Amino acid sequence: MAFAEHGGRTVAVHRTDWNRLDVTDLASGEVLTARDSPGGNEEDAEHDFDYFHGALSLSPDGTRVYDGGWVWQPWGMPAVWSLTAWLHDNPYESEDGPSYAVYPEVSEWNRPMVWIDDGRIAVHDRDDAGSGTVHVLDPTSTELRSPGVRWIKAVATFPWPVGDFGFFTDGEHLLIADEAGLQGVDITSGRQVFAIDGFRPARQDRHTGTLIQVGSASARLWTPPKWTARAC
43 MAFAEHGGRT VAVHRTDWNR LDVTDLASGE VLTARDSPGG NEEDAEHDFD
93 YFHGALSLSP DGTRVYDGGW VWQPWGMPAV WSLTAWLHDN PYESEDGPSY
143 AVYPEVSEWN RPMVWIDDGR IAVHDRDDAG SGTVHVLDPT STELRSPGVR
193 WIKAVATFPW PVGDFGFFTD GEHLLIADEA GLQGVDITSG RQVFAIDGFR
243 PARQDRHTGT LIQVGSASAR LWTPPKWTAR AC
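Quick look at the structure:
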């Protein structure tokens, strides 16, 4: 589930079936993405969608949805589309709309990801050999690979070891929290530019950028010096 603001209303983007997402107005309960055609489900059948939805995340400006889903067997298939077009123009936008694009170059579907800014998404992948790679995607840049299938372009890739960690951002760098602490990583080269040893946050406030580590008896906070508030 992800939350967004639309027309002055707080809405939830959520799964209503293994292959279907909807947007619901939380105040009224109204489903804003109803698809059933007046004559039945004929139009829905035309948009039959063989895709398992995963974790959802909104872009900083709240206009795009990232879906960390997968296709059988399973193979990771991150997707991005326009929330604005979905709610204003086309209730099928999340399935095969003009703004819908995928990135099939990752193999795992449940790896860490974060929006660095409105034009860059960092996604971690682990291949069959156990090696790890960070893919930096530009959701605003897509390429038509086959009829109706658009691929998101990667602007950078760099190796990063597989492990138990979280992805965050200060709006410029990828912030990786692992066993050693927090590392600030250049999003183009993958080079470490700073580190905070022993600080392993689990959450980040989208508005202030503050990273939060909660222990058994205390909490540690750190706010990046430069931060642009996120929309939601």
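Residue numbers (the working numbering): 43 to 274.
We treat Cβ as the ideally placed atom computed from N, Cα and C, and that holds for glycine.
These figures come from a predicted structure and were not determined experimentally.
Simplified DSSP state of residue i, which is helix, strand or coil
| i | result |
| --- | --- |
| D138 | helix |
| R249 | The amino acid at residue 249 is misidentified as Arg; the sequence shows His. Reduced to three states, the DSSP call for H249 is coil. |
| W269 | coil |
| H215 | coil |
| T126 | helix |
| S70 | coil |
| R187 | strand |
| W151 | coil |
Integer-rounded CB distance, given that residue j should sit under 8 Å from residue i
| i | j | result |
| --- | --- | --- |
| Q255 | F241 | 6 Å |
| W193 | V144 | 6 Å |
| D220 | V197 | In fact, because the Cβ distance is near 24 Å, the residues do not count as touching under 8 Å. |
| V107 | W123 | 6 Å |
Neighbourhood of residue i by C-beta, 6 Å cutoff - its chain only, sequence neighbours within 5 removed
| i | result |
| --- | --- |
| E150 | G118, D167, R168 |
| T126 | T105 |
| P203 | G174 |
| R57 | L63, H95 |
| K268 | none |
| W60 | F94 |
C-alpha distance - residue i paired with residue j, whole-angstrom precision
| i | j | result |
| --- | --- | --- |
| V191 | S260 | 49 Å |
| R272 | F210 | 13 Å |
| F91 | R62 | 8 Å |
| P189 | Y142 | 13 Å |
| Q234 | V73 | 44 Å |
| V135 | G111 | Correcting the residue identity first, residue 135 is Glu in this sequence and not Val. When rounded, the distance between both Cα atoms is 16 Å. |
| D103 | D160 | 7 Å |
| T184 | T265 | 33 Å |
| P140 | W128 | 10 Å |
| G172 | D67 | 42 Å |
| P146 | S231 | 22 Å |
| T52 | S70 | 10 Å |
| P120 | R248 | 22 Å |
| L186 | V227 | 31 Å |
| A54 | L100 | 11 Å |
| G251 | P243 | 12 Å |
| G205 | M43 | 25 Å |
| H130 | G49 | 10 Å |
Other residues of its chain near residue i: CB distance less than 7 Å, five sequence neighbours each side excluded
| i | result |
| --- | --- |
| L76 | The sequence as given places Ala at residue 76; Leu does not occur at that position. Excluding residues within five positions, the ones whose Cβ falls inside 7 Å are P133. |
| A164 | M155, V156, I158, V176, V178, F209, L216, I229 |
For residue i: DSSP bridge partner residues
| i | result |
| --- | --- |
| H177 | V165, T199 |
| R62 | D59 |
| D52 | It is Thr, not Asp, that sits at residue 52 in the sequence shown. Note: T52 sits in a beta bridge opposite E47. |
| V113 | W117 |
Minimum Cβ-Cβ distance from residue i to chain B less than 9 Å
| i | result |
| --- | --- |
| L129 | The chain inventory of the structure shown lacks chain B, comprising one protein chain alone. |
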